[in-house]
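As structure tokens, the structure follows; a few thoughts come after it.
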Amino acid sequence: MNSEISKQYFDRAMKVLVEGCSSASRGPMNYAPYPAYIREGKGARLWDVDGNEYIDWQLSFGCLPLGHAHPKIVEIVQEKVAGGTHFATALEVEVETAELMVDMLPHVDKVRFANTGTEACMTGVRMARGITGKRKVLKFEGHYHGWYDGLLVSSNPQPVTTLGHPNDPVRIPDSSGLTPGSWEDTLVCVWNDADALERMLKTHGHEIACVVMEGAMSNMGVIPPKPGYLQQVQEMCRAHDVLFYLDETVTGFRVAPGGAAELYGLQPDIVTYGKALGQGFPVAAIAGPDHIMESIEYGKVLHYGSHNAPRLGLYAAKTMLEEMRRDNNAGWTRLNQIGEEVTQRLNQVARDCGQNMRVQNVGSMFHPVFTDLEQISGYRDFCQHVDLAKYGRFSSLMREQGVFFTGNRILHNLSCTAHTQADIDRTIEAAGTALEQLS
Ligand SMILES: Cc1ncc(COP(=O)(O)O)c(C=O)c1O
Numbered sequence: 000m001n002s003e004i005s006k007q008y009f010d011r012a013m014k015v016l017v018e019g020c021s022s023a024s025r026g027p028m029n030y031a032p033y034p035a036y037i038r039e040g041k042g043a044r045l046w047d048v049d050g051n052e053y054i055d056w057q058l059s060f061g062c063l064p065l066g067h068a069h070p071k072i073v074e075i076v077q078e079k080v081a082g083g084t085h086f087a088t089a090l091e092v093e094v095e096t097a098e099l100m101v102d103m104l105p106h107v108d109k110v111r112f113a114n115t116g117t118e119a120c121m122t123g124v125r126m127a128r129g130i131t132g133k134r135k136v137l138k139f140e141g142h143y144h145g146w147y148d149g150l151l152v153s154s155n156p157q158p159v160t161t162l163g164h165p166n167d168p169v170r171i172p173d174s175s176g177l178t179p180g181s182w183e184d185t186l187v188c189v190w191n192d193a194d195a196l197e198r199m200l201k202t203h204g205h206e207i208a209c210v211v212m213e214g215a216m217s218n219m220g221v222i223p224p225k226p227g228y229l230q231q232v233q234e235m236c237r238a239h240d241v242l243f244y245l246d247e248t249v250t251g252f253r254v255a256p257g258g259a260a261e262l263y264g265l266q267p268d269i270v271t272y273g274k275a276l277g278q279g280f281p282v283a284a285i286a287g288p289d290h291i292m293e294s295i296e297y298g299k300v301l302h303y304g305s306h307n308a309p310r311l312g313l314y315a316a317k318t319m320l321e322e323m324r325r326d327n328n329a330g331w332t333r334l335n336q337i338g339e340e341v342t343q344r345l346n347q348v349a350r351d352c353g354q355n356m357r358v359q360n361v362g363s364m365f366h367p368v369f370t371d372l373e374q375i376s377g378y379r380d381f382c383q384h385v386d387l388a389k390y391g392r393f394s395s396l397m398r399e400q401g402v403f404f405t406g407n408r409i410l411h412n413l414s415c416t417a418h419t420q421a422d423i424d425r426t427i428e429a430a431g432t433a434l435e436q437l438s
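Counting along the sequence shown from 1, when you hit position 375 you're at 374 in numbering that gives the first Met the number 0, and nothing is skipped either side.
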């Protein structure tokens, strides 16, 4: 694959951009020796500056349920951009999008729009503290909730020897520049283990404002919750008078119309959305029942933002929701069908090649990991038993064949409604070749 022009951009970029791009996960750390500079996308396809074409399974980290440049999104954005981009006033489209969301989410009475998942999570935690008057927040090993200081603990894979006893995980800050005070009130628990949470809640429940979690662990590949686990978490939270905060930044409007809450039958107290909601525009939301959401009224718990409720983004969000809901939620049926088929066939091709690749999924979110375990059911399994370097080589071999699997070893891949049967077949064929080459 010729990448001469990407190389030239990279050389220029290194003079003016840190790592040649705008996030560590997009640069040479995951795409050595330099990333492909992407020029445009359409449907499930990407083209880079050298003219190479890719079937895209990274899809902006899950932000594109309809794929790139869906005709209805292009049409609405082109129409509305001529009327102005942002007024920082109340908007008709803000009301219409919130109405749609409330209609789709039985656990939600009200919505507040933000821009990114990080901001939404920061607000969710602040609301929990404001409402309960309690200081501590409980998060889980391996769960990522954005890069807000208070939640930036134990989100990355680490050598298993550094993690401590599962009853009392060592809290590992994910960055320099964090003061111990920023995560002093953040407790860390092992996920997918109801007994571990019960122990923590018995000891600390009186000082915990909320338990915050992803519905499926999606920043260590894809690790589904054990059957019944999330319901147990919800019940334990209620029993200990702790708010149950489901971070649906990844799962929201992706794994089901009502996200992980619908898929697993949950009634969370606080929910946050992002990624898929904006269909490629930065739109996020904090949502919940009235008695929770009233906490941000008049800045009692403060939530501000010049760019909140971006006009074009909301038109994209509203159009995406309408499109996905057509024909009895056919959009989600399609996303899930593709995710299931790719998962099963990748697993089959791995068996056929005698490779230790296992693909786990929750609907449209899937991820291949190289492991000798039958299944990865938690963060500690992931840290100890997953060969991240091998995934790096595999994903690079896929991209060389024009199949864009994320180079980020701990994230996941996803389907969009624009993937065709031919895209799936081509992907499976490329995986066979890549696995043969790995052998
Ligand atoms: C579960 C979860 N919450 C929050 C975030 C942060 O969202 P953003 O990158 O939009 O700030 C992410 C991002 O990957 C996420 O996976």
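Ideal Cβ positions, reconstructed from N, Cα and C, are used throughout, including at glycine.
Asked                                                                                                                             : Found
Element boundaries [alpha helix (DSSP H), containing residue 244]                                                                 : That residue, residue 244, is in no alpha helix (DSSP H); its beta strand (DSSP E) goes 242-247.
Alpha-carbon spacing of residue 7 relative to residue 390, whole angstroms                                                        : 27 Å
Closer than 6 Å: residue 120 CB and nearest ligand 1 heavy atom                                                                   : yes
Close-in-space but distant-in-sequence residues of the same chain around residue 49 (CB under 7 Å, 5 per side omitted)            : 1, 2, 3, 4 and 5
Distance between residue 196 and residue 228 (C-alpha atoms, nearest Å)                                                           : 10 Å
Beta-bridge pairing of residue 0 - partner residues as DSSP gives them                                                            : Beta-bridge pairing links residue 0 to no other residue.
For residue 387, the nearest candidate out of 142, 190 and 357 (CA to CA)                                                         : 357
From 392, 139 and 374, residue whose alpha carbon lies closest to that of residue 384                                             : 374
Endpoints, the beta strand (DSSP E) within which residue 79 is located                                                            : Premise fails: residue 79 lies in the alpha helix (DSSP H), 70-80, not in any beta strand (DSSP E).
Chain-order list of residues whose beta-carbon lies under 6 Å from that of residue 262 (same chain, five-residue window excluded) : 254 and 255
N-terminal and C-terminal residue of the beta strand (DSSP E) that residue 351 is part of                                         : Not the beta strand (DSSP E): residue 351 falls in the alpha helix (DSSP H), residues 310-352.
Chain-order list of residues whose beta-carbon lies under 7 Å from that of residue 401 (same chain, five-residue window excluded) : 51, 52, 53 and 54
Beta-carbon proximity list for residue 116, same chain, < 7 Å, skipping 5 on both sides                                           : 145, 248, 271, 273, 274 and 283
Inter-stretch contact at 8 Å, needing at least 3 Cβ pairs: the region 199-215 / the region 339-356                                : no
Segment contact, 8 Å Cβ cut-off, at least three pairs: the region 217-226 with the region 101-111                                 : no
Close-in-space but distant-in-sequence residues of the same chain around residue 158 (CB under 8 Å, 5 per side omitted)           : 382
Nearest-angstrom Cα separation, counted from residue 352 out to residue 307                                                       : 49 Å
Cβ shell of residue 154 (< 6 Å), same chain only, five flanking positions each side left out                                      : 143 and 173
Where residue 215 falls, given that 16 or more other Cβ within 10 Å makes a residue buried                                        : buried
Residue 437 versus residue 243 - alpha carbon distance                                                                            : 43 Å
beta-carbon residue 144 near ligand 1 non-hydrogen atom, thresh 6 Å                                                               : yes
Residue 443 (DSSP reduced to helix, strand or coil)                                                                               : The requested residue 443 is not part of the displayed model; the chain covers only 0 to 438.
Neighbourhood of residue 281 by C-beta, 7 Å cutoff - its chain only, sequence neighbours within 5 removed                         : 114, 115, 309 and 312
Bridge partners - residue 44, DSSP secondary structure assignment                                                                 : 41 and 54
Supposed close pair residue 63, residue 278 - CB separation, criterion 8 Å                                                        : 6 Å
Three-state secondary structure assigned by DSSP to residue 357                                                                   : strand
Residue 480: CB within 6 Å of a non-hydrogen atom of ligand 1                                                                     : The question about residue 480 has no answer, for the chain in this structure spans 0 to 438.
Where residue 20 sits in the DSSP three-state scheme                                                                              : coil
Ranges of the beta strand (DSSP E) found wholly within the region 255-294, counting only runs of at least 3                       : 269-272 and 283-287
Proximity below 7 Å, CB of residue 361 to CB of residue 423                                                                       : no
Near ligand 1: residue 399 beta-carbon under 6 Å from a heavy atom                                                                : no
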